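Q: Respectively, the protein sequence lines represent chains A and B.
Just so we're aligned: 254 in my numbering is position 226 of the first sequence, and the numbers increase by one with no gaps anywhere.
Just so we're aligned: 38 in my numbering is position 10 of the second sequence, and the numbers increase by one with no gaps anywhere.
Idealized CB from N, CA, C, for every residue including glycine.
Model, not experiment: these values are computed from the prediction.
Number of protein chains: 2
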Amino acid sequence: MIALAPLSLGDALAEVSADIDARFDTLLSVPDDPRRDLYAAMRHAAIGGGKRLRPLLTYATSRLFGVDRDCAGRAGLAIECIHVYSLIHDDLPSMDDDDMRRGKPTVHKLYDEATAILAGDSLHALAFEVLADPETHADPFVRSELVLDLARAAGPAGMAGGQMMDIEAEKSSFDLPTITRLQAMKTGALIACSVEAGAILGRLPAEGRAHLRGYARDIGLAFQIADDILDVEGDEAAVGKKLGKDGDAGKETFLSLLGLPRAREQARMLVDQAIAHLGSYGAEADLLRDIARFILERDR
Amino acid sequence: MIALAPLSLGDALAEVSADIDARFDTLLSVPDDPRRDLYAAMRHAAIGGGKRLRPLLTYATSRLFGVDRDCAGRAGLAIECIHVYSLIHDDLPSMDDDDMRRGKPTVHKLYDEATAILAGDSLHALAFEVLADPETHADPFVRSELVLDLARAAGPAGMAGGQMMDIEAEKSSFDLPTITRLQAMKTGALIACSVEAGAILGRLPAEGRAHLRGYARDIGLAFQIADDILDVEGDEAAVGKKLGKDGDAGKETFLSLLGLPRAREQARMLVDQAIAHLGSYGAEADLLRDIARFILERDR
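1) For M128 of chain B, list the residues DSSP reports as bridge partners.
2) On the CB-based measure, 16 or more other CB atoms within 10 Å of its CB, does L204 of chain A come out buried or exposed?
3) Out of A:G78, A:D276, A:G104, which has the shortest C-alpha to C-alpha gap to G131 of chain A?
4) Tell me which residue opens and which closes the alpha helix (DSSP H) that T54 of chain A is part of.
5) Let me know if V58 of chain B comes out buried or exposed under the rule of 16 or more other beta-carbons within 10 Å of its beta-carbon.
6) Verify the CB distance criterion: does S67 of chain A have a CB-CB separation below 8 Å to chain B?
7) Pull up the CB-CB distance for V175 of chain A and G104 of chain A, whole angstroms please, since I reckon it's below 8 Å.
8) Is any beta-carbon of chain A found at less than 8 Å from that of V260 of chain B?
9) DSSP three-state call for A58 of chain B: helix, strand or coil?
10) Run through the segment 88–129 of chain A for me and flag every whole alpha helix (DSSP H) of 4 or more residues, listed as ranges in chain order.
11) Indicate whether at least one CB of chain A lies closer than 8 Å to the CB of E108 of chain B.
12) Could you work out which residues of chain B lie near F169 of chain A, taking near to mean beta carbons separated by less than 8 Å?
13) Going along the chain, which unbroken runs of the alpha helix (DSSP H) with 4 or more residues stay wholly within the segment 172–226 of chain B?
14) Mapping the DSSP letters down to three states, classify A33 of chain B as helix, strand or coil.
15) With a threshold of 6 Å on Cβ separation, who are the neighbours of G268 of chain A within its own chain once the five nearest residues in sequence on each side are excluded?
16) Output the distance between the C-alpha atoms of P83 of chain B and I48 of chain B, rounded to the nearest integer angstrom.
17) Suppose you measure from the CA of Y309 of chain A to the CA of L240 of chain A; what does that come to, to the nearest Å?
18) How many angstroms separate the CA atom of D60 of chain B from the CA atom of S200 of chain A?
19) For the alpha helix (DSSP H) holding A74 of chain A, just list the boundary residues, first then last.
20) Go through its chain and collect everything with a Cβ distance to E280 of chain A's Cβ below 7 Å, but skip five positions before and after it.
21) In chain order, what residues of the segment 144–162 of chain B put their CB closer than 7 Å to some CB of chain A?
22) Is there a Cβ from chain A that is less than 8 Å from the Cβ of E224 of chain B?
23) Ordered along the chain, which non-local residues of its own chain (more than five positions away) have a Cβ less than 8 Å from that of D168 of chain B?
24) Check whether the segment 92–112 of chain A touches the segment 120–139 of chain A, taking contact to mean three or more Cβ pairs, one atom from each stretch, closer than 8 Å.
25) Taking the alpha helix (DSSP H) that E157 of chain B belongs to, which residues open and close that run?
26) If you follow the alpha helix (DSSP H) that E325 of chain B is in, where does it begin and where does it stop?
27) Pop quiz: D274 of chain A and D259 of chain A are said to be a contact at Cβ under 8 Å. What is the actual Cβ separation, rounded to whole angstroms?
28) How many Å lie between E224 of chain A and R237 of chain A at the Cα?
29) Mind checking R180 of chain A: buried by the 16 CB within 10 Å criterion, or exposed?
30) Around the Cβ of A155 of chain A, are there at least 16 other Cβ atoms within 10 angstroms (buried) or fewer (exposed)?
31) Helix, strand or coil: how does DSSP classify R80 of chain B here?
32) Tell me whether the beta-carbon of G76 of chain A lies closer than 8 Å to the beta-carbon of I116 of chain A.
33) According to the neighbour-count rule (16 or more other Cβ atoms, all chains shown, within 10 Å of its Cβ), is D172 of chain B buried or exposed?
34) From the DSSP output, in three-state form, read off K279 of chain B for me.
35) If you draw a straight line from the C-alpha of D177 of chain B to the C-alpha of R91 of chain B, how long is it?
36) Using 10 angstroms around the beta-carbon of T134 of chain B, count the other beta-carbons present and answer buried if the total reaches 16, otherwise exposed.
Shown next as structure tokens:
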């Protein structure tokens with residue numbers, strides 16, 4: 029294991045944000061042909077926004093095992109491609125119908141629906157192109173494992189399935205176990221995949237990943253509860269999108285089912301539990317611990 | 029090389045169709061939870077329709093190298109996942125706005141737009157999950173190469189980019205080289221990938237694939253010209269979708285640019301050229317030769 033200097037959360041956030049922006053800038057350089065708008069739409073959605081929580085998790089986990097910085101950056105880029113594509117599609121009029129995202133107009137508002145659908149589809153494919161490229165890792169087994177894990181997290185047993193359940197949630201009245209499962213799929217699967225990618229790059233055998241998986245599951249749920257709280261209590265200007273939509277749609281959330289005090293308490297407990305999962309690691313896991321705490325404190 | 033008994037085109041078409049239907053039936057078994065409609069929508073689009081030209085090409089190519097039948101079937105399934113997802117998204121109101129496909133209502137007509145978008149997204153992810161699964165091939169290098177090739181064919185430099193150019197074609201007046209490039213991306217890339225997948229599974233080194241790539245490029249273009257001719261001359265009941273839309277939209281096609289006699293002649297020449305690329309193969313490539321001829325003769 030290579031000993032790495034400790035990294036503050038602030039520095040890591042800034043470093044990963046700049047790194048992912050630079051990678052998107054290269055990946056999405058605009059061709060001089062009729063696909064101009066497609067690339068411009070992807071750039072609009074992908075560059076200069078978001079917390080880059082997922083690439084940060086991949087980076088922080090991969091640091092535990094002394095993984096090459098560029099490998100972690102490429103895996104983080106692929107995961108962020110999936111995240112950005114899901115935001116573009118979720119914002120569409122037939123889905124959540126949002127006009128604003130990260131303080132900017134959504135892709136279908138700035139361009140049109142066809143361009144937004146194709147921009148999402150393009151980022152979806154690019155994610156797997158990035159992962160399967162030998163530049164991401166010299167060992168094809170590692171590349172293949174990364175692809176398998178991300179495809180499962182993105183598909184109908186993960187993110188896409190969770191979004192379908194979320195749409196059904198407006199018609200039905202889901203109970204707490206169903207909402208927990210919905211959120212574990214919709215946002216939890218990709219967060220778990222971000223941590224898992226770091227472990228795969230670090231060649232940690234699957235049997236040794238239980239603690240990291242526990243950490244990822246707990247911060248994923250805490251993240252969603254914090255999101256529900258932000259949706260009710262947050263500042264629209266800071267968050268950069270329309271808030272209060274779940275309540276307006278009569279959709280059950282952690283907040284509507286638990287009430288604010290219990291929801292806050294539950295999120296805090298999950299963060300403590302996530303940190304407890306890291307007990308076998310020393311100071312090298314401080315960044316993962318800081319990320320867990322940050323999930324509660326963020327205002328956007 | 030394992031000597032295989034010759035296989036007639038009719039038998040191969042029937043065998044591959046039944047195989048792909050059975051694989052989709054397993055892959056898309058409907059869960060007993062709120063994702064029911066998502067899976068039902070995928071099954072509606074994926075099962076019991078289409079010529080399965082792409083899996084047939086993978087199978088026919090892989091037979092040249094004595095590849096295990098199940099490996100070829102799984103790779104063909106993944107490619108067909110991408111093809112079906114592209115049909116679902118292309119049919120959406122904001123794209124080609126089609127009500128019928130393969131003689132059945134399109135997914136967004138039978139369900140709704142959100143379900144159609146998520147069904148396409150789910151099939152997109154499933155394609156890569158199938159390829160990266162160790163069951164597809166024991167060698168992770170082969171799996172990783174299959175993923176890389178399919179991701180490139182599906183993304184903004186392939187199918188999704190071609191569909192974007194096709195949308196732009198309604199606004200601009202493209203010339204023959206631009207239409208050729210558009211079609212090479214929109215339909216050619218996935219057809220080329222279907223042949224390439226057979227070569228990857230057969231462990232044919234990249235340097236040895238020039239003939240097969242030539243074959244794939246030529247049948248891809250011939251396929252598109254035949255499609256343009258069908259769009260004007262075909263029988264809507266046989267084809268199972270609305271025809272004549274390109275002409276109505278004032279979109280340039282091979283047919284509008286070349287005229288019917290020259291388009292027919294061009295397609296015939298491309299098929300002859302495709303077959304000529306197979307000159308170094310003996311009777312084991314007869315199925316690929318028959319597929320090239322079939323592309324001109326099909327009525328749907």
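A: Answer, in terms of the structure:
1) Taking the first residue of the second sequence as 1, we reach residue 128 of chain B at position 100. Bridge partners of M128 of chain B: B:P133.
2) In the first sequence, the residue the question calls residue 204 of chain A occupies position 176. By the 10 Å Cβ count, L204 of chain A comes out exposed.
3) For the purposes of this step, residue 131 of chain A is taken as residue 103 along the first sequence, with counting starting at 1. Out of A:G78, A:D276, A:G104, A:G78 has the C-alpha closest to the C-alpha of G131 of chain A.
4) Here residue 54 of chain A refers to the residue found at position 26 when the first sequence is read from its first residue. That run of the alpha helix (DSSP H) goes 37–55.
5) Numbered from 1 along the second sequence, position 30 holds the residue referred to as residue 58 of chain B. Exposed.
6) Taking the first sequence and counting its residues from 1, one reaches residue 67 of chain A at position 39. Ser is not the amino acid found at residue 67 of chain A; the sequence shown has Tyr there. Closer than 8 Å: yes.
7) Here the question's residue 175 of chain A lines up with position 147 in the first sequence. Here the question's residue 104 of chain A lines up with position 76 in the first sequence. Contact flag wrong, Cβ pair sits at about 15 Å.
8) In the second sequence, counting from the first residue as 1, residue 260 of chain B sits at position 232. Judged by the 8 Å Cβ criterion, V260 of chain B is not in contact with chain A.
9) Here residue 58 of chain B corresponds to residue number 30 of the second sequence, with the count starting at 1. Looking at the sequence itself, residue 58 of chain B is Val, so the reference to Ala does not match. DSSP places V58 of chain B in coil when its eight states are reduced to three.
10) 97–118
11) Residue 108 of chain B sits at position 80 when you count from the first residue of the second sequence. Judged by the 8 Å Cβ criterion, E108 of chain B is not in contact with chain A.
12) As a working note, residue 169 of chain A is residue 141 in the first sequence. Correct list: P168.
13) 187–196, 204–211
14) By one-based count along the second sequence, residue 33 of chain B stands at place 5. It is coil, neither helix nor strand.
15) Residue mapping note: residue 268 of chain A aligns to position 240 of the first sequence, counting from 1. Result list for G268 of chain A: R130, G131, in chain order.
16) The count along the second sequence starts at 1 and reaches residue 83 of chain B at position 55. The count along the second sequence starts at 1 and reaches residue 48 of chain B at position 20. Distance between the alpha carbons of P83 of chain B and I48 of chain B: 8 Å.
17) The residue you call residue 309 of chain A lines up with position 281 of the first sequence. The residue you call residue 240 of chain A lines up with position 212 of the first sequence. Taking the straight line joining both Cα atoms gives about 10 Å.
18) Within the second sequence, the letter at position 32 stands for residue 60 of chain B. Within the first sequence, the letter at position 172 stands for residue 200 of chain A. Cα to Cα, the separation comes out at about 15 Å.
19) Translated into positions along the first sequence, residue 74 of chain A becomes position 46. That run of the alpha helix (DSSP H) goes 64–74.
20) Numbered from 1 along the first sequence, position 252 holds the residue referred to as residue 280 of chain A. Result list for E280 of chain A: A197, S201, F202, I207, in chain order.
21) I145, L146, D149, S150, H152, A153, L154, F156, E157, A160, D161
22) As a first step, residue 224 of chain B is located in the second sequence; it is residue number 196 there, counting from the start. For E224 of chain B, the answer is no, since every Cβ of chain A falls outside 8 Å of its Cβ.
23) Translated into the one-based positions of the second sequence, residue 168 of chain B becomes position 140. For clarity, residue 168 of chain B is Pro in the given sequence; the question names Asp instead. The answer, listed in chain order, is P162.
24) no
25) On the second sequence, position 129 is the one that residue 157 of chain B refers to. Residues 141–160.
26) The residue you call residue 325 of chain B lines up with position 297 of the second sequence. Taken as a continuous stretch (DSSP letters only), the alpha helix (DSSP H) holding E325 of chain B covers 314–325.
27) To locate residue 274 of chain A, count along the first sequence from 1; it is residue 246. To locate residue 259 of chain A, count along the first sequence from 1; it is residue 231. At roughly 6 Å, the Cβ-Cβ gap stays under 8 Å, so D274 of chain A and D259 of chain A are in contact.
28) Here residue 224 of chain A refers to the residue found at position 196 when the first sequence is read from its first residue. Here residue 237 of chain A refers to the residue found at position 209 when the first sequence is read from its first residue. E224 of chain A and R237 of chain A: Cα-Cα distance of roughly 8 Å.
29) Against the first sequence, residue 180 of chain A aligns to sequence position 152. By the 10 Å Cβ count, R180 of chain A comes out buried.
30) Here residue 155 of chain A refers to the residue found at position 127 of the first sequence. By the neighbour-count rule (16 or more Cβ atoms within 10 Å), A155 of chain A is buried.
31) Mapped onto the second sequence, residue 80 of chain B falls at position 52. If DSSP states are grouped into helix, strand and coil, R80 of chain B belongs with coil.
32) Within the first sequence, the letter at position 48 stands for residue 76 of chain A. Within the first sequence, the letter at position 88 stands for residue 116 of chain A. For G76 of chain A and I116 of chain A, no; Cβs fall outside 8 Å.
33) Within the second sequence, numbered from 1, the residue matching residue 172 of chain B stands at position 144. It should be noted that the sequence gives Ser, not Asp, for residue 172 of chain B. S172 of chain B comes out buried.
34) What you label residue 279 of chain B is simply residue 251 of the second sequence in a count that begins at 1. Of the three classes helix, strand and coil, the one that applies to K279 of chain B here is coil, per DSSP.
35) Here residue 177 of chain B refers to the residue found at position 149 when the second sequence is read from its first residue. Here residue 91 of chain B refers to the residue found at position 63 when the second sequence is read from its first residue. Distance between the alpha carbons of D177 of chain B and R91 of chain B: 19 Å.
36) For the purposes of this step, residue 134 of chain B is identified with residue 106 of the second sequence, where counting begins at 1. Counting Cβ neighbours within 10 Å, T134 of chain B comes out buried, since at least 16 surround it.
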